[in-house]
Structures are given as C-alpha cells and as structure tokens.
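Chemist: For the record, the sequence lines run as chains A and B. To convert, count from 1 in the first sequence and add 56; that's the working numbering. To convert, count from 1 in the second sequence and add 56; that's the working numbering. Supplied in structure tokens, the structure appears directly below.
There are 2 protein chains.
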Amino acid sequence: MRKYRVVADQLLDEIAQGKYKDEDRLPTEDKLMAEHNVSRNTLRSAIDVLVDKSILYRVQGSGIYIRKPVYPDTITINSIRGFKEEFKNKETHSEVIELEQLPADKEISQKLQCEIGTPVYFVHRMRYIENEPFSIEYSYFNKTIIPYLGREIANNSIYSYIENDLNLSIGFADKYISVEKLSKMDSSHLQLKEADPSLVIEETVYLTNGTLFNHSRVIHNYKHAKFFALAKNW
Amino acid sequence: MRKYRVVADQLLDEIAQGKYKDEDRLPTEDKLMAEHNVSRNTLRSAIDVLVDKSILYRVQGSGIYIRKPVYPDTITINSIRGFKEEFKNKETHSEVIELEQLPADKEISQKLQCEIGTPVYFVHRMRYIENEPFSIEYSYFNKTIIPYLGREIANNSIYSYIENDLNLSIGFADKYISVEKLSKMDSSHLQLKEADPSLVIEETVYLTNGTLFNHSRVIHNYKHAKFFALAKNW
DNA sequence: TTGGATTTGTGCGTATGTATA
DNA sequence: CTATACATACGCACAAATCCA
C-alpha cells in the first residue's frame, strides 16, 4: 500500500485508541516525520486524508488537532459506501424485490449517459437495520461495464462485488438530496403512511477512470435517516 | 493571493468560458505548468482545489477531465455559504423575526461548547427566494467571539460581516441532515401545512483556528430544498 | 507590546511508480 | 511493448500565522 495511506491508517488507529486524547492534538509535523520515517510531503498527504474525513483540522502556526467525533448512527454523505460501512456494528440486511435485465429507455439512457437500448440491470431493493425498514433503492447498472449481476450478489453488497470480484475501482459520486412525500407503494414498504416525509438521494456513481456505471434513487425512512457532511469555506 | 489559487481561478474562468469544451479535458500537467509558469506541486494544488469543488476529476495515466455541471438551483452542502452564493442570480432576502442577546442555558452551552451563562446572540430569520419562503433559521453566536450583532447585519449577510468587518476567518462546519414533520409555527412561516415534510440541517461552524462560534438549525421548505454533495471512495 | 521561536502553508526541483493509451 | 500522463515520494527554502517569553 502507498506509504501515505499506511501513515494515515496508523494515525487513525492511534487516535481511535485515544493516544492523543489528553491534548486533542497531534505531535508536530517534524516529530511525526521522524516517527514514521517519511518526508514532509508524504506526512502531509497522510494528514490530508484525515482532514478530508473530518478527523483532524490544521491551524497554521499552531498545530494539528483532533475533531470531535461525528454523531454515531449517521451516514457520511461524502463517502460512497454508506449503508453497511456506517452501520457495521448493527445487524443490516437487504431484500431484493426485483432484479431484471432490460434495454435502457430514454430516461434511463440519460441517467446512465448511454445509448437507448443499451442493456442495463435494474435492481429494486429494501434495506433493513435491526429488521427495521431503512431505505428503498431503485438502481440501474450499465451492463456494458457490469457484465453480470444476480440476486445472490444483490442480497449481499453489490459494491464489494464490483470492487473485489470484477476488480473495478469505484471513484466518485454525485448525490442530490431532497425531500418528498411518500407514494403509497413506498410508504407500505417502509411501514409508514402515505404522504409521510422521506429523504431522497439520487446518485450517479463513476469508476476512478470517470466511467458512469450506476444511477440510483434511494428513498429513506425519515425516522432513521441522519446524514453528516463536512463543509469547507473555499 | 497564493499562486495556486490564482491558477485555480484562471482555470475556472477558462472552463466557464468553454475553452476546453470540445475535449472536456485539460492540457497535460506539463503544458499547464509551462503555461502558468508554476512548478508541478503548485499546479497540482490548483487542480486539487477544482477537484474538491467537483469541477474536475483526474485519471492516472490518462488526463484531467471536466465534470458535468451540477444541476442549477441546488445548494452545495460541502460549502459553507449556501444561500446568497448559490442563488446569486435570483432575488433573495432575509427577514429577522427575532434577534436578542441572552446568557447560554445548558442546551445552548453544549451546542456552542461554552460555559453556561456565556453571552450569546440568538437570531431567528426567514430566508426568501423570489419572495417564496425558502427556510427558517434558528442561530446562536458566541458573543465572546462575535462581539456585536444587530438587525441591520442580520438583514444582510452575517457571514460577510464576520469575514469582512470583524476580519475573522471562517474555516469549516459540521452539518447534520435529517427530515422532520413541520411544527405548526414553522409551517405557517413557510406557508405550508402542519406535518408537511421539511429538510433540517443542524450545523456547527468553526473559524480556521478551530474556534466554535456558531450553531444553527435551518428548516427548509421541502418544495425548494435541493442539495448537492460530492462523494469520494476513500 | 514586541520580537523571536515554533509550526503549518506555499513553492521549487527531481526521481521513480503506476495506470492508461 | 512503449510512450504518455498522473501519483507518490524525497529534499529544501521561505512565507505566514501563532505562541510565548
């Protein structure tokens, strides 16, 4: 693994274990460089990772400080794998309501930026946490990029299949967040009432090489949907 | 201004003017270095800025590409100043419902991480876009850090007052996003019905030196609240 | 209050690794 | 397989913000 990632992981471990909790502050860059045997740039790349993750913040002339931890049971919206990762200390499972292969119609082709008629997989899934309905997912995958998708995969994690089995590298995603009143069908799936609130995230997901491979619309149970985002003052 | 920021701004301008729209791709790093007379590190810092803003993405071995533009009329959740900035092509205004100075009670002191009794400003504002109610803001400012706040400021932009007049540097913010049913009072302010959906953002805002100075709870009209976030696969 | 020491931020140069074309 | 282009890593110098005597 890249050196700066190793250092980032080590620092993350140390922070998690409370090594710096008295000070809420890391040693100086010079000390960390010596400790981890890396150059200044490499160390700073490692710190960058943790700053992006909102674990640390830096103050010029002063030091590198540890942030207050994010509230538990919230999904970090700037991260791609929300569900299983964020709730790994809880029981989570998925239920595939529908999975089929079909040719892209006009709407789907626009969302997946592909030709009309391109074969795509459509997945309709429910997500549960501790057996409580958490979200409904309507998802399309471009079959040109994801050549196969089956129920056994969708019951587990599609993303870990894509990364570990297909050996593709997921890069980034656009997410649009809005609020809607639930349709009758969605409300029954979520065990809520029609016209109850829901938090809707539409996301477009790309490989690291910029290829668009997935578009999803995820409808969240308003009672459980709590998201976190870090904002910067550009 | 810092060199890498100048380069970032120049590139942003060029992109906005469609200079690269045929290719959707920037010249190589080597060419950009020569063009802007900067070192590789400086150029890469400039590109980093635009990648963070989801303007560009990089593909190792291939090039630097221009992203599809974000939908208009959405608020970038990873940016701190949402309202006036994102809707600067529209008429926006604020209406101060309440502005008072008071000592922090237990709840406020926890949210502002200060002692009970610390003087704080409380601001209750409505935000309008094209004269449509957009959001309700309940905001607390630590008076130790923000020594004065008046109605004439709150009618305008509190943040520009803090940065330009008080000369403080706003750094970063934590945002928690959730969905709630509207209370009777909030619904009337938003000209909606009681129990209608709303998107709620609780944010804690820090100066660049890590000082917590503001906590806000902002309740958005579900008909207009559209947010955007860029997610990375860490 | 000032000024020096400390600490992070910016910028330059160079070499090598790795993914893509 | 080779060339191209971005990614990582090293070292150095100076700027700017903060801290402290």
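Cβ atoms here follow ideal geometry from the backbone N, Cα and C, with glycine treated the same way. As the structure is a computational prediction, the values presented were derived from the model and not from experiment.
Please list, in chain order, the chain A residues whose beta carbon lies closer than 8 Å to that of K240/B.
Modeler: Near K240/B there are no residues of chain A at all, since even the closest Cβ is about 16 Å away, more than 8 Å.
Chemist: DSSP three-state label for E171/B, please.
Modeler: In the structure shown, E171/B sits in coil (DSSP, three-state: anything other than H, G, I, E or B).
Chemist: Output yes if chain B places a C-beta closer than 9 Å to the C-beta of F197/A; else output no.
Modeler: No - not a single Cβ of chain B is within 9 Å of the one on F197/A.
Chemist: Report, in whole angstroms, the separation of the C-beta atoms of R181/B and E151/B, which I expect to be a contact under 8 Å.
Modeler: 7 Å between Cβ atoms; contact.
Chemist: Count the other CB atoms within 10 Å of the CB of L158/B; is the residue buried (16 or more) or exposed (fewer)?
Modeler: Burial call: exposed.
Chemist: Three or more beta-carbon pairs under 8 Å between the stretch 199 to 218 of chain B and the stretch 275 to 282 of chain B, yes or no?
Modeler: Judged by Cβ distances under 8 Å, the stretch 199 to 218 of chain B makes no contact with the stretch 275 to 282 of chain B, as fewer than three pairs qualify.
Chemist: With a cut-off of 8 Å on the beta carbons, I'd call V115/B and T264/A a contact; round off their distance for me.
Modeler: Contact holds; Cβ gap of about 7 Å.
Chemist: Would you check if the distance between the CB atom of F269/A and the CB atom of L168/A is smaller than 9 Å?
Modeler: For F269/A and L168/A, yes; Cβs fall inside 9 Å.
Chemist: With C-beta atoms as the reference, is Y232/A less than 9 Å away from Y232/B?
Modeler: Against a cut-off of 9 Å, the Cβ pair of Y232/B and Y232/A comes out as no contact.
Chemist: Within 9 Å (strictly less), CB to CB, does K288/A reach chain B?
Modeler: Yes, contact with chain B.
Chemist: Would you report the Cα separation of N220/B and I226/B, rounded to the nearest angstrom?
Modeler: For N220/B and I226/B, the distance between alpha carbons rounds to 11 Å.
Chemist: Any contact of the stretch 160 to 178 of chain A with the stretch 195 to 203 of chain A, i.e. 3+ C-beta pairs under 8 Å?
Modeler: With a cut-off of 8 Å, the stretch 195 to 203 of chain A and the stretch 160 to 178 of chain A count as touching, because enough Cβ pairs lie within range.
Chemist: Under a three-way DSSP split, which group does L222/B fall into?
Modeler: Coil at L222/B, not helix or strand.
Chemist: Helix, strand or coil, according to DSSP, for D78/B in the structure here?
Modeler: Coil at D78/B, not helix or strand.
Chemist: Could you confirm whether any beta carbon from chain B is found closer than 9 Å to the beta carbon of P175/A?
Modeler: So, not an interface residue.
Chemist: Scan the stretch 201 to 234 of chain A for residues whose Cβ lies nearer than 7 Å to a Cβ of chain B and list them as they occur along the chain.
Modeler: Within the stretch 201 to 234 of chain A, the residues whose Cβ lies closer than 7 Å to some Cβ of chain B are I226, G227, F228, A229, D230, K231, Y232, I233 and S234, listed in chain order.
Chemist: Residues of chain A with CB closer than 9 Å to the CB of L67/B, please, in chain order.
Modeler: Neighbours of L67/B on chain A: none; closest Cβ ~14 Å, over 9 Å.
Chemist: Cα-Cα, which of D242/A, D230/A, Q247/A and S254/A is closest to T267/A?
Modeler: Here the closest residue by C-alpha is D230/A.
Chemist: What residue from D108/B, R96/B and V63/B has the CA that sits closest to A287/B's CA?
Modeler: Nearest C-alpha to A287/B: D108/B.
Chemist: Nearest to P83/B by CA position, among V62/B, R61/B, I202/B and L112/B, is which residue?
Modeler: Among V62/B, R61/B, I202/B and L112/B, the Cα nearest to that of P83/B is on L112/B.
Chemist: Going by C-alpha distance, which of S272/B, K146/B, I202/B and S191/B is nearest L222/B?
Modeler: The shortest Cα separation from L222/B among S272/B, K146/B, I202/B and S191/B belongs to I202/B.
Chemist: Could you check whether V256/A and S239/A sit closer than 9 Å to each other, using their CB atoms as the reference points?
Modeler: Contact: no.
Chemist: Which residue wins for smallest C-alpha separation from F190/A, given the options A160/A, R207/A, L224/A and D242/A?
Modeler: Minimum Cα distance to F190/A is reached at D242/A.
Chemist: Let me see if you follow: with CB-CB separation under 9 Å, is F284/B close to chain A or not?
Modeler: True, the Cβ-Cβ gap to chain A drops below 9 Å.
Chemist: Quick check: the Cα distance between E171/A and H271/A, rounded to an integer number of angstroms?
Modeler: About 15 Å.
Chemist: My output table needs one value for H129/A: the three-state DSSP class, helix, strand or coil.
Modeler: The residue asked about is misnamed: residue 129/A is Asp in this sequence, not His. Looking at D129/A - three-state DSSP - the assignment turns out to be coil, as it is neither helix nor strand.
Chemist: Tell me G119/B's beta-bridge partners as DSSP assigns them.
Modeler: Answer is V115/B, bridged to G119/B.
Chemist: Go to T98/A, then tell me how far its beta strand (DSSP E) extends in each direction, as first and last residue.
Modeler: From DSSP, T98/A is part of no beta strand (DSSP E) but of the alpha helix (DSSP H) over R96 to D108.
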